[in-house]
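Undergrad: Numbering that gives the first Met the number 0 numbers the first residue of the sequence shown as 0 and each following residue consecutively.
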Amino acid sequence: MHLINIYKFFLVIASLLILGACNSGNQSESKTPAKQTNVTESPLITDFAGTEKILEKDSLNTDLRSQLATSYYAAKNFEKAIFHFLKIYSADNKNLSAITNLGNLYYDTGKNEKAIEFYEKALKIDNTNIGVRCDMATCYMNIKNFDKAITILKENIQMNDKHIQSHHNLAIAYKQSGKQKEADEEMAIFEKLKQK
0 MHLINIYKFF LVIASLLILG ACNSGNQSES KTPAKQTNVT ESPLITDFAG
50 TEKILEKDSL NTDLRSQLAT SYYAAKNFEK AIFHFLKIYS ADNKNLSAIT
100 NLGNLYYDTG KNEKAIEFYE KALKIDNTNI GVRCDMATCY MNIKNFDKAI
150 TILKENIQMN DKHIQSHHNL AIAYKQSGKQ KEADEEMAIF EKLKQK
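As structure tokens, then:
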């Protein structure tokens with residue numbers, strides 16, 4: 000019982016890191032947009048085989064499965080992470096952590112349309128998550144739908160005009176769509192916000 004409580008504690012911490020993370024470092028040098036939502040940097044579980052065996056006996060333990068999926072993600076075993084997050088999602092299609100992480104995993108593996116699908120599902124639950132919206136806009140840029148990306152990023156800035164990554168990504172979207180003047184204006188805003 001004590002082990003399960005430890006798992007639940009780490010799950011809460013991992014969820015907060017996953018949903019609240021904001022990757023805004025060193026973007027002034029970058030010519031590409033950065034992803035906003037991230038998994039925790041270090042694996043929470045190192046005994047993957049042992050944890051898999053526990054889940055064979057207790058397949059409905061979504062807390063432990065989420066920890067395992069997050070750990071696989073952090074270890075860059077995307078296939079296993081997707082498998083476990085999909086299991087959680089099939090058991091609970093409102094599990095925001097699983098949905099967001101599936102979006103992130105598909106983003107990280109270059110499956111932009113699939114990432115957009117899961118980001119849209121996450122935004123149906125929480126439309127104010129600027130990090131998810133920023134990531135979805137990046138996916139739209141990756142598939143050359145700059146108008147949609149620009150719309151999403153402008154909405155982000157309306158929600159929070161100090162969201163540095165939205166300004167950065169909007170500058171890139173403008174530049175990639177051939178709107179250099181707008182790109183320069185947004186990059187200037189980004190640079191000013193970065194200095195604060």
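Think of the CB as a built atom: it goes at the ideal place given N, C-alpha and C, for glycine as much as any other residue.
Could you compute how far the alpha carbon of Thr45 sits from the alpha carbon of Leu59?
TA: Their Cα atoms are separated by approximately 21 Å.
Undergrad: Whole angstroms is fine: what's the gap from Ile149's alpha carbon to Lys52's?
TA: When rounded, the distance between both Cα atoms is 46 Å.
Undergrad: Please confirm whether Ile87 and Thr61 have their CB atoms less than 8 Å apart.
TA: Yes, Cβ-Cβ distance for Ile87 and Thr61 is below 8 Å.
Undergrad: In the DSSP assignment, the alpha helix (DSSP H) including Gly177 goes from what residue to what residue?
TA: Segment: none, Gly177 is in no alpha helix (DSSP H) and carries neither H nor E.
Undergrad: Lys123: which of Asn76, Leu95, Ser65, Lys161 sits nearest, CA to CA?
TA: With distances taken between Cα atoms, Lys123 lies closest to Leu95.
Undergrad: Please classify Ala114 as buried or exposed, where buried requires at least 16 other C-beta atoms within 10 Å of its C-beta.
TA: Per the 10 Å Cβ criterion, buried.
Undergrad: Would you mind working out which of Lys161, Asn111, Ala136 sits nearest Gln175, comparing C-alpha positions?
TA: Gln175 has its Cα closest to that of Ala136, out of Lys161, Asn111, Ala136.
Undergrad: Measure the Cβ-Cβ separation of Asn141 and Asn111 and say whether it is below 8 Å.
TA: It is a contact, given that the beta carbons lie within the stated cut-off.
Undergrad: In three-state DSSP terms, what is Asn25?
TA: Reliability of the predicted coordinates at Asn25 is poor, the pLDDT of 35 falling under 50, and the value obtained from them is presented with this limitation in mind. If DSSP states are grouped into helix, strand and coil, Asn25 belongs with coil.
Undergrad: Using DSSP with H/G/I as helix, E/B as strand and the rest coil, what is Asn144?
TA: Asn144: coil per DSSP, three-state reduction.
Undergrad: Taking the alpha-carbon positions, what's the Thr127 to Met158 distance?
TA: So the two alpha carbons sit approximately 8 Å from each other.
Undergrad: Tell me the DSSP secondary structure of Asn155 in three-state form.
TA: Helix, per DSSP.
Undergrad: Take the Cβ of Glu40 as the centre, count every other Cβ of all protein chains shown within 10 Å, and call the residue buried at 16 or more, exposed below.
TA: For Glu40, the predicted model reports a pLDDT of 44, less than 50, meaning its position is unreliable and no value from the coordinates is stated.
Undergrad: Among the candidates Asn103, Asp57, Thr50, Gln66, whose CA atom is the shortest distance from the CA of Leu43?
TA: When only C-alpha atoms are compared, the closest one is Gln66.
Undergrad: Could you spell out the range, first to last residue, of the alpha helix (DSSP H) harbouring Ile44?
TA: It is not in any alpha helix (DSSP H) - Ile44 carries neither H nor E in the DSSP assignment.
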